[in-house]
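Trainee:
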Amino acid sequence: MMTNPTGRITQGQFSFLPELSDAEITLQIEYGLKKGYAWSIEYTDDPHPRNTYWEMFGMPMFDLRDAAGVLMELNNCRKSFPQHYMRLVAFDSTRNIESIAMSFIVNRPAHEPGFALERQESRGRTLRYSVRSYVSDRPEGERANGKA
Amino acid sequence: MDTGTETRLDAPTAIKDAKKRYRAGVLKYRQMGYWEPDYVPKATDTVCLFRITPQEGVDPVEAAAAVAGESSTATWTVVWTDRLTACDSYRAKAFKVEPVPNNPGQYFAWVAYDIILFEEGSIANMTASLIGNVFSFKPLKAARLEDIQIPVAYVKTFKGPPTGLIVERERLDKFGRPLLGATTKPKLGLSGRNYGRVIYEGLKGGLDFMKDDENINSQPFMHWRDRFLYVMDAVNKASAATGEVKGSYLNVTAGTMEDMYERAEFAKELGSVIVMIDLIVGWTCIQSMSNWARRNDMILHLHRAGHGTYTRQKSHGVSFRVIAKWLRLAGVDHMHAGTAVGKLEGDPLTVQGYYNVCRDSFTKQDLPRGVYFDQDWCDLKKVMPVASGGIHAGQMHQLLDLFGDDVCLQFGGGTIGHPGGIQAGAVANRVALEAMVKARNEGLDIRTQGPEILRKAARFCSPLQQALDTWGEITFNYTPTDASDYVPTAAVAH
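In structure tokens, the structure reads:
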């Protein structure tokens with residue numbers, strides 16, 4: 072793909088780096104736990120940038136303070152949804168934050184078709200833009216199957 | 004010889020007898036009630052700290068009282084009309100004067116202002132009072148508004164940032180790392196189409212934001228509508244290429260308020276997530292634009308254009324930390340606040356003080372960082388500080404160490420000047436940043452190991468290697484003009 076030579080969506084904290092190993096992921100989890108964050112795992116077959124709500128793999132793990140446990144849950148998610156995008160999300164409930172403190176991708180489908188840019192002419196030289204993910208052209212059941 | 008610089012026990016005190024006090028004639032300010040050494044500020048008072056340099060022979064207490072008087076109710080002579088008011092309560096009270104350490108002739112003066120003096124929700128009004136008159140006062144050689152404590156009762160009359168740091172991150176879906184931007188260069192001269200090219204390359208390469216420079220408005224070489232059209236095409240194209248939310252700060256600064264609204268509306272129509280204004284549009288305009296931004300789901304970036312004319316010299320002007328407080332109240336989402344290690348003025352600790360003003364829920368007194376007062380922000384949204392000016396990928400460890408994650412790092416020249424092109428410049432910055440954040444989270448000491456972390460990352464990223472080769476040695480080591488009085492002054496060294 073000309074516009075994205077690596078063919079990867081670059082969402083999340085570490086998408087410009089080589090894929091994190093499980094050991095590296097564990098270090099990130101530990102950092103979040105030290106800061107008092109709650110980890111959760113989310114997955115999706117549609118990585119559109121405005122798709123805020125990925126599916127939750129279980130509840131946020133507020134009481135799981137052990138990195139190995141979080142990693143175990145992550146690997147369970149990978150087993151169940153191997154061709155889905157997956158991210159680890161750390162939540163900070165401090166007053167005036169109450170939002171996500173860390174978020175990085177930990178699983179990708181084998182094939183990332185990316186997005187089309189749709190241009191809709193409007194008045195003058197104005198265009199209305201829309202980003203459309205190619206995977207959403209297919210019904211849900213036929214998206215995350217690892218096929219092009 | 005009496006130099007008048009010491010406060011003597013028999014120095015004039017406030018005249019309490021009303022008939023004497025309001026007899027026509029000239030009294031010293033300290034006689035008129037503007038000096039009250041045992042005054043305890045109320046929770047609803049605004050307290051200002053002025054750094055004053057009285058003229059030779061002027062008693063510092065009298066100078067402080069004059070500052071209090073001329074920034075509240077006084078004039079140079081007694082007026083009977085004072086007696087038509089509850090003047091005792093309206094008078095600002097200078098209540099403490101101390102010499103500035105190591106600066107003979109300079110004094111800190113604390114002045115308290117009753118809340119009735121200020122209009123709710125109006126920075127224009129607060130500034131008109133506090134800095135509108137006093138700074139031209141002849142008996143003062145120089146004066147600086149060093150810091151201000153704003154009571155919660157007054158903070159609560161402001162809406163504050165329209166979006167705020169947290170919601171901005173949620174809109175961009177970017178967490179856990181600084182944001183990355185770049186200002187399009189050259190500062191002036193590009194046409195709309197060429198400008199859009201720079202935007203596309205920078206965003207596609209990996210930056211989150213691009214930015215108009217402060218003096219890009221609508222000049223003969225590029226009409227603003229053309230810029231907006233081409234920029235938004237570039238932004239959307241880059242967004243589709245990367246799957247990320249991207250933006251470019253479209254500068255809507257213009258000659259009149261009406262023109263600014265027109266430009267902002269067009270930015271909204273084209274789907275921009277963010278617009279920018281320059282500080283020189285003024286406090287009233289900033290508040291109006293803030294309200295507009297809130298109504299239109301727009302992030303509001305502010306470039307602090309022009310502040311250096313009055314913030315930089317310690318002896319005279321207004322400290323940027325006061326400007327930052329006013330800006331947070333007036334309501335901006337981004338504020339240029341300094342880089343410490345870049346090409347523009349900023350001692351590291353002082354700059355950290357500004358960042359704390361932007362980002363804290365409760366800013367604590369911190370003298371080495373130049374923060375003289377506690378400031379309760381009363382749950383007002385947080386401002387994203389922006390570091391922009393002469394920084395490059397080779398300084399990523401310093402920037403992350405100094406400022407943490409909640410900052411927008413802008414590398415204009417440091418992206419566009421990359422030998423491999425703009426995209427390569429953007430890739431270099433993004434890889435350097437992500438590698439540094441990852442390493443810091445892993446527990447490495449980035450302050451000392453930063454250069455090694457960058458070199459390691461450069462092994463899999465040749466644009467980063469090129470960036471380090473081109474700029475690795477560039478530093479801007481000058482003695483700061485405005486460092487805290489409470490730590491030794493030093494330039495930033497590696």
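Just so you know, the protein sequences line up as chains A and B, in that order. Sequential numbering from 72 applies to the first sequence in the numbering used here. Sequential numbering from 4 applies to the second sequence in the numbering used here. Just so it is clear, CB atoms sit at the ideal spot from N, CA and C, and this is done for glycine as well. Quick caveat: nothing in here was measured; it's all calculated off a predicted structure.
For residue 462(B), count the other beta carbons within 10 Å of its own beta carbon; 16 or more makes it buried, fewer makes it exposed. Which is it?
Mentor: exposed
Trainee: Does residue 19(B) pass the burial test, meaning 16 or more other C-beta atoms within 10 Å, or should it be called exposed?
Mentor: exposed
Trainee: Taking the alpha carbon of residue 69(B) as the point to measure from, which residue in 37(B), 81(B), 52(B) and 330(B) has its own alpha carbon closest?
Mentor: 37(B)
Trainee: I want to know whether the region 92-111 of chain B touches the region 61-68 of chain B - three or more CB-CB distances under 8 Å.
Mentor: yes
Trainee: Please check if any C-beta of chain B sits within less than 8 Å of the C-beta of residue 77(A).
Mentor: no
Trainee: Quick one, which residues of the region 237-268 of chain B are near chain A if we go by CB-CB under 7 Å, in chain order?
Mentor: Of all residues in the region 237-268 of chain B, 239, 240, 242, 243, 244, 245, 246, 247 and 248 have a Cβ within less than 7 Å of some Cβ in chain A.
Trainee: Do residue 302(B) and residue 281(B) have their CB atoms nearer than 8 Å?
Mentor: no
Trainee: Output yes if chain B places a C-beta closer than 8 Å to the C-beta of residue 124(A); else output no.
Mentor: With 8 Å as the cut-off, residue 124(A) does not count as an interface residue toward chain B.
Trainee: If you draw a straight line from the C-alpha of residue 481(B) to the C-alpha of residue 113(A), how long is it?
Mentor: 48 Å
Trainee: Could you work out which residue in 183(B), 132(B), 395(B) and 191(B) is closest to residue 227(B) when comparing CA atoms only?
Mentor: 191(B)
Trainee: Should residue 167(A) be flagged as near chain B, meaning a C-beta pair shorter than 8 Å?
Mentor: yes
Trainee: Can you tell me whether residue 224(B) is buried or exposed? The criterion is at least 16 other CB atoms within 10 Å of its CB, across all chains shown.
Mentor: exposed
Trainee: With 8 Å set as the bound, which would you pick, yes or no: does the beta-carbon of residue 180(B) sit closer than that to a beta-carbon of chain A?
Mentor: yes
Trainee: For the region 273-301 of chain B, which segments carrying the alpha helix (DSSP H) assignment without a break, of at least 4 residues, lie completely within its bounds, in sequence order?
Mentor: Complete alpha helix (DSSP H) runs here, min 4: 286-298.
Trainee: Short of 9 Å Cβ to Cβ, which residues in the region 287-304 of chain B face chain A?
Mentor: Within the region 287-304 of chain B, no residue qualifies.
Trainee: By alpha-carbon positions, which one of 168(B), 174(B), 220(B) and 241(B) ends up nearest to residue 200(B)?
Mentor: Comparing alpha-carbon positions, the option among 168(B), 174(B), 220(B) and 241(B) lying closest to residue 200(B) turns out to be 241(B).
Trainee: Check residue 150(B) in the structure and name its three-state DSSP category.
Mentor: strand
Trainee: At a CB-CB cut-off below 7 Å, which residues of chain B make contact with residue 173(A)?
Mentor: The answer, in chain order, is 178 and 179.
Trainee: Between 309(B), 149(B) and 470(B), which has its C-alpha nearest residue 485(B)'s C-alpha?
Mentor: 149(B)
Trainee: Give, in chain order, every unbroken run of the beta strand (DSSP E) that is at least 3 residues long and sits entirely within the region 183-212 of chain A.
Mentor: 186-192 and 198-204
Trainee: Cα-Cα, which of 194(A), 192(A) and 183(A) is closest to residue 207(A)?
Mentor: 183(A)
Trainee: Specify the secondary structure class of residue 251(B) as computed by DSSP and reduced to three states.
Mentor: strand
Trainee: Touch check for the region 411-423 of chain B and the region 371-386 of chain B: three-plus C-beta pairs under 8 Å?
Mentor: no
Trainee: Tell me which same chain residues have a C-beta within less than 7 Å of the C-beta of residue 93(A), skipping the five on either side of it?
Mentor: 142
Trainee: Which residues, in order along the region 421-451 of chain B, keep a beta-carbon less than 9 Å from a beta-carbon of chain A?
Mentor: Of all residues in the region 421-451 of chain B, 430, 433, 434, 436, 437, 438, 440, 441, 443, 444, 445 and 446 have a Cβ within less than 9 Å of some Cβ in chain A.
Trainee: Classify residue 136(A): buried if its beta carbon has 16 or more other beta carbons within 10 angstroms, exposed otherwise.
Mentor: Here residue 136(A) is exposed: its Cβ has fewer than 16 other Cβ atoms, across all protein chains shown, within 10 Å.
Trainee: Taking 7 Å as the line, does the beta carbon of residue 152(A) fall inside it for any heavy atom of the ligand NAP?
Mentor: No copy of the ligand NAP occurs in the structure displayed, which carries no ligand at all.
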